[in-house]
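Asker: The opening residue of the sequence shown carries number 1 in the working numbering; numbering runs sequentially from there.
What follows is a structure written as structure tokens; I'll ask about it next.
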Amino acid sequence: TLVTTVETQVDRMLTSVKADISDLNQNISDKISEENQAGSEKIESLLNTVNNSVTEIKQTLADSSESLSLEEVKQELSEKIHSENVKVFRNIQDTMKEMDHSEEMDISFEEKYQALKSKFVFTIIVLIADFGVGIAILLHSLGIF
Numbered sequence: 001t002l003v004t005t006v007e008t009q010v011d012r013m014l015t016s017v018k019a020d021i022s023d024l025n026q027n028i029s030d031k032i033s034e035e036n037q038a039g040s041e042k043i044e045s046l047l048n049t050v051n052n053s054v055t056e057i058k059q060t061l062a063d064s065s066e067s068l069s070l071e072e073v074k075q076e077l078s079e080k081i082h083s084e085n086v087k088v089f090r091n092i093q094d095t096m097k098e099m100d101h102s103e104e105m106d107i108s109f110e111e112k113y114q115a116l117k118s119k120f121v122f123t124i125i126v127l128i129a130d131f132g133v134g135i136a137i138l139l140h141s142l143g144i145f
């Protein structure tokens, strides 16, 4: 009965640890998917903004090409391109910061997983020792040892 009790406890603990590890793996996978999706959406939004700006620039050039000299057009185009480049650079910089934060979270999850794994190994060792002591007590009570 002692052996059965110990085996039952070990089975319950193993099931609990497996469930925790499975949940942790699922959380990590979900978080990575969310971060990748958010990054993709942000980059797509940035590209759409750039495309819209280029369209506006083309329209402005078409509208004002008759009234502006070539030098004025070049200057205006240069300023608008620079302005859009700065916006895109800042947005990409923000996206990269968010991705770095995501990597930090992944590392944190990995550290938690390793801590859980070491606790699991310790629990197994203690349970094996407990099982050995239980068998020794059983053998001693039967007069064999």
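We put the beta carbon where it would ideally sit given N, CA and C, even for glycine.
Computed from a prediction, not measured in an experiment: that's the story for all the values here.
Assuming Ile28 contacts Phe109 (C-beta within less than 8 Å), just tell me the rounded distance between them.
Answerer: The pair is a contact, with the Cβ atoms about 5 Å apart (cut-off 8 Å).
Asker: Near Tyr113, which residues of its chain fall below 6 Å by C-beta distance, leaving aside the five closest residues on each side in sequence?
Answerer: Cβ within range, chain order: Leu24.
Asker: To the nearest angstrom, report how far apart Arg34 and Glu41 are at their CA atoms.
Answerer: It should be pointed out that residue 34 corresponds to Glu in this sequence rather than to Arg. Going from the Cα of Glu34 to the Cα of Glu41 covers about 11 Å.
Asker: Whole angstroms is fine: what's the gap from Gln9's alpha carbon to Gln26's?
Answerer: Spanning the two alpha carbons is a distance of roughly 26 Å.
Asker: Just to confirm, are Asp146 and Leu116 a CB contact at a threshold of 8 Å?
Answerer: With the chain covering 1 to 145 only, the question about residue 146 has no answer from this structure.
Asker: Within the same chain, show all residues whose beta-carbon is closer than 8 Å to that of Gln37, passing over the 5 residues directly before and after it, in chain order.
Answerer: Nothing listed; no residue qualifies.
Asker: Nearest CA to the CA of Val6: which residue from Ile92, Gly132, Asp106?
Answerer: Ranking the options by Cα distance to Val6, first place goes to Gly132.
Asker: At what residues does the alpha helix (DSSP H) containing Ile144 begin and finish?
Answerer: Segment: none, Ile144 is in no alpha helix (DSSP H) and carries neither H nor E.
Asker: Considering only C-alpha positions, which residue in the set Ser118, Phe89, Leu127, Leu138 is nearest to Leu46?
Answerer: If we check each option's Cα against that of Leu46, Phe89 comes out closest.
Asker: Is the separation between the beta-carbon of Ile135 and that of Val3 shorter than 8 Å?
Answerer: Going by C-beta atoms, Ile135 is nearer than 8 Å to Val3.
Asker: Secondary structure at Thr1, three-state DSSP: helix, strand or coil?
Answerer: Here Thr1 sits in coil by DSSP.
Asker: Quick test of your reading: Thr95 and Gly39, contact by CB under 8 Å. State the CB separation rounded to the nearest angstrom.
Answerer: 6 Å between Cβ atoms; contact.
Asker: Between Asn91 and the rest of its own chain, which residues show a CB-CB distance below 6 Å, the 5 nearest in sequence each way excluded?
Answerer: Correct list, in chain order: Leu46.
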